[in-house]
Amino acid sequence: MATGLGKILVFGGTGYLGKHIVRASIKMGHPTYVYGRPITPNSNPSNSKVELHKEFQSMGVILIQGELSEHEKLVSLIKQVDIVISAIGTPYVMEQLRIIDAIKRFIPSDFGCEEDLITAVLPPFQDFLDKKKKIRRAAEATGVPFTFLSSTCFAVFTREEDIAIYVIRAANDPRTCNRIVLFRPSKNILSQLELVSLWEKKTSRSYNKVFVYEEELVELSETSPHPENVRAAIIHSIFVKGDMANFEIREDDQMEVSKLYPDVEYTTVDQLLDDFVANPPEFHYVEL
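All you need for my numbering is the position in the sequence shown, starting with 1, plus 130.
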């Protein structure tokens, strides 16, 4: 592994997005640490998590087992690294408040939307955004150098591996310090109808389209149990209101990844659909 590069600590490193961030960090030569809950016989870990740990160890990742409540252990570990990237899941977002004070540079688990610019969303989604805003304000108040990364709830279709590469690049870039970095690569901004139309062209088939009305999503957000109500509210924000891309990027404090790093060849939606044609994915249908 290359030396001289900043040490990176990842929280949530075995999760949906976190595992890609860890792989990208190692690939770019960074000494990489992952902090996660202990794996014990009583914790009943999934086979995939055990295999992921083995993969990380073979790559040279340093695995640290512990709980977010172990404050002294966290502070001691954080002081040994240069950059902390949090990819922890939604239920644990507020736990980030435990670690901010000891960090040299912080990339919070903020990969959803640009919460400071989105207003008048449905209550279940707003409750979640309010929690994310608290983390932002706490990071700003400490004076710790930070970068907020918004992947537009993946609604501007960005592949997870590409997001991970951009995260590591931004974490090491002085230009992104105390700035907001947005994922809005121009080739991947499509509406749902445009996406379906593109798929129809590639498969030479026509699909029956079932439209869900706004009133139905609003009702689902009001009557569904948690977390289904949050999902309905997020879908309403993304696909009805268009909140992920209905604002201009402010050059004074916001940056866009594909313009920051034009050398990164991100996967376009067109390329991804070509892959699906060659290797059809297994679809799982769910009812709203």
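C-beta atoms are modelled at their ideal positions from N, C-alpha and C, and glycine is treated no differently. Given the structure is predicted, the values throughout are model-derived calculations rather than measurements.
Query	Result
Cβ contact (3+ pairs, closer than 8 Å) linking the stretch 316-324 and the stretch 204-217	no
Whole-angstrom C-beta distance between Ile-151 and Ile-298, which should lie under 8 Å	7 Å
Buried or exposed (CB count within 10 angstroms, at least 16 for buried), Cys-307	exposed
Sequence ranges, alpha helix (DSSP H) only - wholly within the stretch 218-304, length at least 4	253-272, 290-301
Proximity to Phe-241 [Cα-Cα], best of Gln-187, Pro-304, Leu-390, Arg-314	Arg-314
Check whether Ile-432 and Val-180 have beta carbons under 8 Å apart	Because the chain in this structure spans residues 131 to 418, residue 432 falls outside the shown range and cannot be described.
Straight-line Cα distance separating Phe-258 from Asn-359	11 Å
Ser-120 in three-state terms, based on DSSP	Absent from the model: residue 120. The displayed extent of the chain is 131 to 418, so no value can be given.
Nearest-angstrom Cα separation, counted from Thr-162 out to Lys-137	6 Å
Backbone CA spacing between Leu-418 and Lys-209 [nearest angstrom]	Caution is warranted here: a pLDDT of 44 is assigned to Leu-418, below 50, making its placement in the model unreliable, and the coordinate value is therefore given only provisionally. Their backbone Cα atoms lie some 46 Å apart in a straight line.
Whole-Å CB distance - Ile-295 paired with Val-164, under 8 Å assumed	Actually they are not in contact, since the Cβ atoms of Ile-295 and Val-164 sit about 18 Å apart, beyond 8 Å.
As assigned by DSSP and simplified to three states, the class of Ser-216	strand
Residues near Leu-247 by beta carbon distance below 7 Å, same chain, minus five either side	Phe-377
Cβ-based neighbour list, Phe-141, same chain, cut-off 6 Å, excluding 5 preceding and 5 following	Tyr-165, Ser-216, Ile-218
Residue burial classification, Glu-245 (beta-carbon count within 10 angstroms, cutoff 16)	buried
Straight-line Cα distance separating Thr-282 from Lys-263	15 Å
Distance CB(Lys-149)-CB(Leu-193) smaller than 8 Å	no
Anticipated Cβ contact below 8 Å, Ile-310 with Gln-256, distance rounded	The pair is not a contact, with the Cβ atoms about 20 Å apart (cut-off 8 Å).
Coarse secondary structure for Phe-141, derived from DSSP in three states	strand
Inside the stretch 170-196 only - beta strand (DSSP E) runs reaching at least 3 residues	192-195
Beta-carbon gap between Ser-367 and Val-223 smaller than 8 Å	no
8 Å Cβ cutoff met for Lys-317 and Val-326	no
Between the CA atoms of Ser-206 and Ala-375 - distance to the nearest angstrom	40 Å
Complete runs of the alpha helix (DSSP H) confined to the stretch 388-413 [at least 4 residues]	399-408
Spatial neighbours of Ala-269 in its chain, beta-carbon cut-off 7 Å, leaving aside the 5 residues before and after	Ile-230, Phe-236, Pro-238, Phe-276
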